[in-house]
Each structure stands twice: as C-alpha cells, then as structure tokens.
Amino acid sequence: MPEAVQIRRFVPDDAGAVIALWQACGLTRPWNDPQRDIARKLAQQAEGFLVAVQDARIVGSVMAGYDGHRGWVNYLAADPALRHQGLGRQLMAAAEAYVASLGAPKMNLQLREDNTGAALFYERLGYRRDAVLSYGKRLVLDGAAPPPAPLAQTLVLASRNQKKLAELQALLAPRGYALRLVSEFSDEDVEETGESFIENALLKARHAARVSGLPALADDSGLEVAALGGAPGVRSARYAAERASDAANNEKLLHALAGLPEAQRSARFVSVLVLLRHAQDPVPLIAQGFWPGRILEAAQGANGFGYDPLFYVPELARSAAELPAELKNRVSHRARAMHSLLRQLPA
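When we follow my numbering, the leftmost residue of the sequence shown carries the number -13, and every step to the right adds one.
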C-alpha cells in the first residue's frame, strides 16, 4: 500500500518537482515566473510554503501567509492522479492552521471566474463568495521571459533504448522534431542518483545536451505498484539487478506479488519528460504523465517493452503489450507527458 501523505515545509530541492506539479495542474501563467514566485515566498513567511509527500514524491503544495489583516492562500495543487482522495482538504487544513497560528482572524483567496470546480471545492470547506471586486496592479514585471529562441528541430534523446526512441519519435514527428540517441555521441553512462523521476531526468538531459551540443530530451519513467509501496519506482529498469533484462525484472515483480488478489495489484506507469535547450538551461521544461492499471499474474502480449506484458489497462481490456503502437502512443504515460510538454512549446 502507498505510504500515508505527509505534509512538511518546502525545501529548495523540492523546486523542480513543485513546478512540474504546478504545470500538470495548470497553475502556471506566462506572466508569472514560478521560480521567482518560489524565491519570493522563501523570503517572506517561508514556513507557510508547504508540500505534501507520498512515497518520497511531491504530490501537493500550498502557499499560505498573513498580511496583518487576513490570511491568504496561493498555489494549492494536488497531483491529478490523487484527486478526490482528500489531499486538497489536507493541504487547506494545514494552511489554515499555519495562518491561525500567526493570529489571522480570517482567510481569503482568489479564483478565476471560470474555475467552477475550485469554487465548489472551497464551498465544501466552508468558504463563501464575498460581495467584493478584486483589483490588481503589477509592480514588478517578471516577464514572461523574452520569447525563447526557436528550438532546433533535431533533439538528442538521453537514452540508448531504440524502442523508447521509436515511441517518442512518433509523438514528436507531427511537430517536425527528429530524435537522435545519445549513444551516437557518447558511450558514457549517467549514474541515476536521484530519488525522484524528475531528478534523474534532469541528470540525463544535462549529460545528453553536454555531449551532443543539441537540445536534449530525457524521459525517466517507471512502474509504481501500490502493494509494494510504490516500488519498483525509480529503480524500475534495475529492479532485479543493475542492467537487468526485462524478463528478469518481470519475473521479480511477479514473485513479489505472488498470491495477491486482483484488487491488491493496482499500479501505474509514471513518465517525467525534461527538455533542455542547452546543458546549462536554467529553466527546463518539465512534464509528467500517469497511466493507471494493474499487474497481471502472467505476461500477455508481445509488443512494447519493459513491464508492458504485465501491465493490464482496464478501460482497454488488454495489456500494454497487446496494444498496437499507434494506440499505445495515444494513451500511455509517455504520451500524456509528451502532450503536456508540447503544450509548453511554441506552435
């Protein structure tokens, strides 16, 4: 079973994961630089910047503060895969407790007029719409940063996996991008020392950009099994051993779940994509995607790679390895992450 969600204070190493979460939740705007927003909060009532963590992964955030008259809340975000499980309510309770500890008599927040889902959420928490108008004036222009230089049409993929190349190339081709494997430029392997998919994707992307001189795309993905506490997770490719084969990893997974009924075999694929314009790019593009399913008791299908033969997709009534490539490229975790990434690129 997944670990219980823990809410703690934000630390600077959380920044990449938090920004990716905000992007996945649609909270970022061209006129606001999220890194500057984080820096501002760390300079003012930093203890009111909270994150929710489950299985060593950032799954939620909230910024809370008190201006001497009322409390405020911003950047409330919950992992889309964990919606309707009480995570937003937990974060708001923590934010309210923090603001109350500062002596604030009330809490206020702002919503966009068309955000009816959020309005209903806050009403369920006891918030009521005030009969006021909200005015704003920007005192500091973050910029949307100046328009980026056009991205080169050829990218280096931080992988040696031909099947991963084919899957991602199919998703990028309609936008005119071509991929080359990092193995064309270097035989050096990157040590994946990160404790999250985002950290490892960044490590791989920076290495690939450095050795190739090209913009770099990195995917770090894996399988999270609820009954195993999120394992194999970031060690998915090395689950059985370093440089383990797909067959060895699958065999170990089946052994770990032996005897568990279908209801206890839920799992999901996770993909994090990182795109760097150059090796020192200070503002990488980050996107993530999730694909829920469950683990079969025996392999089915001959397509795909990795854990695909064991990963059953209920809404399609087939394993991932039984899906035609064209269909998988529309519904997989990488497809979902790629669609999120493409929305961040110039048309």
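No residue lacks a Cβ here, since even glycine has one placed at the ideal position from N, Cα and C.
Between which residues of its own chain and residue i is the CB-CB distance below 8 Å, once the five residues before and five after are set aside?
i	result
Tyr84	Glu33, Gly34, Leu36 and Ala50
Val338	As shown, the chain starts at -13 and ends at 333. That puts residue 338 outside it, with no answer to give.
Gln76	Val(-9), Ile(-7), Ala38 and Gly46
Ala191	Ala144, Ala202, Leu203, Ala204, Val260, Leu261, Leu262 and Pro270
Ala131	Reliability fails at Ala131, whose pLDDT of 47 lies under 50, so the model's placement of it is uncertain and no value is given.
Leu154	Leu143, Leu165, Leu203, Asp205, Arg320 and Met324
Output needed for residue i: all residues of its chain with C-beta closer than 6 Å, excluding positions within five of it in sequence on either side, in chain order.
i	result
Gly290	Ala306 and Ala307
Tyr225	Pro218, Asn235 and Lys238
Val168	Val142, Ala144 and Ala194
Phe171	Val197 and Ser198
Hey, could you find the ends of the beta strand (DSSP E) residue i is sitting in?
i	result
Pro20	Taken as a continuous stretch (DSSP letters only), Pro20 belongs to no beta strand (DSSP E), being part of the alpha helix (DSSP H) at Pro20 to Ala29.
Arg(-6)	Gln(-8) to Arg(-5)
Tyr61	Gly57 to Ala64
Gln274	Leu271 to Ile281
Leu36	Phe35 to Gln40
Leu328	Element bounds for Leu328: not the beta strand (DSSP E) but the alpha helix (DSSP H), His319 to Leu328.
Tyr84	Not the beta strand (DSSP E): Tyr84 falls in the alpha helix (DSSP H), residues Leu73 to Ser87.
Phe393	Nothing in the structure corresponds to residue 393, since the chain is present only between -13 and 333.
To the nearest angstrom, how far is the alpha carbon of residue i from that of residue j?
i	j	result
Gly262	Leu209	This sequence places Leu at residue 262; Gly is not what is there. Rounded to whole angstroms, Leu262 to Leu209 spans 24 Å at the Cα level.
Ile44	Asp0	8 Å
Ala10	Gly89	33 Å
His319	Asn147	17 Å
Ile184	Ala117	42 Å
Arg336	Phe(-4)	This structure does not reach residue 336, given that the chain is present from -13 up to 333, and the question cannot be answered.
Ser87	Leu327	39 Å
Asn94	Tyr52	10 Å
Gln330	Ala187	17 Å
According to DSSP, is residue i part of a helix, a strand, or is it coil?
i	result
Arg161	helix
Glu342	No statement about residue 342 is possible, as the shown extent of the chain runs from -13 to 333 and does not include it.
Pro132	Bear in mind that the predicted position of Pro132 carries a pLDDT of just 48, short of 50, making it unreliable; the figure below should be weighed with that in mind. In this structure, Pro132 counts as coil in the three-state DSSP scheme.
Val176	coil
Ala253	strand
Ala6	helix
Arg146	coil
Val197	helix
Keeping to the same chain, check which residues put their C-beta closer than 7 Å to that of residue i; ignore five residues upstream and five downstream.
i	result
Ala288	Ala307
Leu200	Ala138, Thr140, Leu141 and Val142
Pro133	A caution first: Pro133 carries a pLDDT of 49, below 50, which makes its placement in the model unreliable, though a value can still be read off. Here the set comprises nothing.
Of all Cβ atoms in chain C, is any one closer than 7 Å to the Cβ of residue i?
i	result
Glu174	Here there is only one protein chain, and chain C is not present.
Among the options, whose alpha-carbon lies nearest the alpha-carbon of residue i?
i	options	result
Ala67	Lys92, Lys27 and Gly46	Gly46
Leu259	Arg322, Asp65 and Glu248	Arg322
Gly54	Leu243, Pro91 and Leu200	Pro91
Ala42	Val220, Arg22 and Arg254	Val220
Leu7	Pro(-2), Asp65, Arg15 and Glu(-11)	Asp65
Arg196	Arg26, Asp175, Gln266 and Leu246	Gln266
Ala159	Glu(-11), Met324 and Asn60	Met324
Gly292	Ala273, Phe255, His264 and Leu302	Phe255
Glu99	Ser120, Tyr113 and Gly112	Ser120
Would you kindly report the start and end of the unbroken alpha helix (DSSP H) that includes residue i?
i	result
Ser47	First-last for Ser47: Arg43 to Tyr52, but that is the beta strand (DSSP E), not the alpha helix (DSSP H).
Thr14	It is not in any alpha helix (DSSP H) - Thr14 carries neither H nor E in the DSSP assignment.
Tyr108	Thr102 to Arg110
Is residue i near the ligand ADP, judged by its Cβ being under 6 Å from some heavy atom?
i	result
Glu283	As presented, the structure is devoid of all ligands, the ligand ADP included, so that no description of it is given.
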